[in-house]
Amino acid sequence: MIRRKSRKLGAACRRGVIVLLALSGGCRSSAPVEAPAIAKVVRYSESAAEDFAEGDTQAAMDAFRKAIHRSWATDDPYHAGTNAYNLAAVLYYRGDHAEALDWLVEARVELARAGASAGNTYLLESKIAQKEGRLDDARRLISMAACAPAPCDANDDGPRRGDPCRESRLARVPCLGQKLKNKEAAQQCRDDYRAQVHLARARLAADQFDLSLASKQLASARELAEEVCSDDLRAEIQHADAMIDLAQGQYVRTAEHLDREAMFLRQAGNYRKIPAVLRLAAAAYEQAGRFDLAADRLCRAARIWLARGEVEKSWEILQSALVCNESEACQITSIRFALTAREIEAAATHEDDRDVDPTDSTEPQTLELQSPDEAMLP
Numbered sequence: 024m025i026r027r028k029s030r031k032l033g034a035a036c037r038r039g040v041i042v043l044l045a046l047s048g049g050c051r052s053s054a055p056v057e058a059p060a061i062a063k064v065v066r067y068s069e070s071a072a073e074d075f076a077e078g079d080t081q082a083a084m085d086a087f088r089k090a091i092h093r094s095w096a097t098d099d100p101y102h103a104g105t106n107a108y109n110l111a112a113v114l115y116y117r118g119d120h121a122e123a124l125d126w127l128v129e130a131r132v133e134l135a136r137a138g139a140s141a142g143n144t145y146l147l148e149s150k151i152a153q154k155e156g157r158l159d160d161a162r163r164l165i166s167m168a169a170c171a172p173a174p175c176d177a178n179d180d181g182p183r184r185g186d187p188c189r190e191s192r193l194a195r196v197p198c199l200g201q202k203l204k205n206k207e208a209a210q211q212c213r214d215d216y217r218a219q220v221h222l223a224r225a226r227l228a229a230d231q232f233d234l235s236l237a238s239k240q241l242a243s244a245r246e247l248a249e250e251v252c253s254d255d256l257r258a259e260i261q262h263a264d265a266m267i268d269l270a271q272g273q274y275v276r277t278a279e280h281l282d283r284e285a286m287f288l289r290q291a292g293n294y295r296k297i298p299a300v301l302r303l304a305a306a307a308y309e310q311a312g313r314f315d316l317a318a319d320r321l322c323r324a325a326r327i328w329l330a331r332g333e334v335e336k337s338w339e340i341l342q343s344a345l346v347c348n349e350s351e352a353c354q355i356t357s358i359r360f361a362l363t364a365r366e367i368e369a370a371a372t373h374e375d376d377r378d379v380d381p382t383d384s385t386e387p388q389t390l391e392l393q394s395p396d397e398a399m400l401p
């Protein structure tokens, strides 16, 4: 594993498409008119971002690698660094921490050469350190992220008021309107980044059961989020809220926060994370004895994986639900379970038909029913 210290980066990044994928929405700067070579890199990056949002991590990695190689071909440090970070985010999601750390080193070197902020690379590496139980390293990396400039493409710190998602009248005025939009986008980017730093500290504190500090950091993030039009950020806040409630044994409140997280992820178009969030919500509802609600969330998660072509995973999730009682809600859920099971069986049969050699006389195999496993929260 490569370990290097990065020097401080002072300048904010220049214009370009920034796709921030590591468990958060991050900042997206507007893409100016680009040279054909750069436009090709941007197309690869955007395609990869769409694949990642849909949960197709292999396609996302392939496209990000194409973007990196194209950036290397033109010796473009900004896009090479940005897409190295993006590739690290995909690798982190897949659990390949060692290679993700290597690409984060690459990202920091290239972003430094471009005079761009490496702040998000520190935040992502802190998540890896926390996952691996290196809490002191995680704390140090979050502090480095707090000292780094936000990865935004403007430096105007003028104040804003009102609904961040609603366009002001001044923004409709030619020339002045575009400047105002750029100013507001830059301020929202900075607020978003600062909120991400507070959320990182809140997650780390909750992981160590320092709930007072976690709540304080979460409150700071929530205050900043009020000025940011980002459903991804709202989803992150709900997840941190769930962690704090879980640490206190408040299972229903934990599940409700996770439900809202799934809603915000859907609104943001970040579908990749929804099934994992639904499974956590189901586990929390089971702990609270709400087996009907738990079964509903597992059914939804199973359907997502079925739609992604992951038939066996879909079947495994569907079988993990505990048996409902005889209430009307559970009877409705049972019907939906049976319907989903039939769709899974049809998909499995279709896969078997494609795989069977016409000359093979053996019977096609089907998925085996597994006994329900009790879902446990981490």
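Mapped onto the numbering used here, the consecutive letters of the sequence shown carry residue numbers 24 to 401.
C-beta: ideal position from N, C-alpha, C; glycine also.
Only a predicted model underlies this, so the values are computations on that prediction, with no experimental measurement involved.
Below 8 Å on the Cβ atoms is my contact criterion, and I expect residue i with residue j to pass it. Report the Cβ-Cβ distance as a whole number of Å.
i	j	result
Asn106	Ala90	4 Å
Glu259	Gln211	About 15 Å separates the two Cβ atoms, so there is no contact after all.
Ile367	Val334	6 Å
Arg257	Phe75	About 19 Å separates the two Cβ atoms, so there is no contact after all.
Ala209	Cys252	Their Cβ separation, rounded to whole angstroms, is 13 Å, which puts Ala209 and Cys252 out of contact at 8 Å.
Tyr116	Thr80	6 Å
Arg226	Ala173	Rounded, the Cβ-Cβ distance is 19 Å, inconsistent with contact.
Ala223	Ala299	About 19 Å; that fails the 8 Å criterion.
Asp254	Gln290	4 Å
Thr363	Ala325	6 Å
Reducing DSSP to helix, strand and coil, say where residue i ends up.
i	result
Ser235	helix
Cys252	coil
Thr144	helix
Pro298	helix
Gln219	helix
Arg245	helix
Pro59	helix
Ala171	coil
Arg162	helix
Glu333	coil
Thr372	helix
Ala311	coil
Arg224	helix
Gly272	coil
Glu69	helix
Ser343	coil
Gly78	coil
Thr363	helix
Say the cut is 7 Å; is the CB of residue i nearer than that to a heavy atom of the ligand ATP?
i	result
Asp215	In the structure shown, the ligand ATP is absent, as is every other ligand, since no ligand is present at all.
Do the stretch 231-246 and the stretch 279-299 meet, that is, are 3 or more Cβ pairs less than 8 Å apart?
No, the stretch 231-246 is not in contact with the stretch 279-299.
Under 8 Å, with one C-beta from each stretch per pair, do the stretch 355-374 and the stretch 102-116 reach the 3-pair mark?
Contact between the stretch 355-374 and the stretch 102-116 is absent, with fewer than three C-beta pairs closer than 8 Å.
Could you tell me whether the stretch 270-282 touches the stretch 304-313, where touching means 3 or more Cβ pairs closer than 8 Å?
The stretch 270-282 is in contact with the stretch 304-313.
Sequence ranges, alpha helix (DSSP H) only - wholly within the stretch 118-144, length at least 4:
Counting only runs of 4 or more, we get 120-137.
Cβ contact (3+ pairs, closer than 8 Å) linking the stretch 337-345 and the stretch 309-319
Yes: at least three Cβ pairs fall under 8 Å.
Stretch-stretch touch, CB-based, cutoff 8 Å, three pairs: the stretch 120-138 with the stretch 148-167:
In this structure the stretch 120-138 touches the stretch 148-167; the number of beta carbon pairs closer than 8 Å is three or more.
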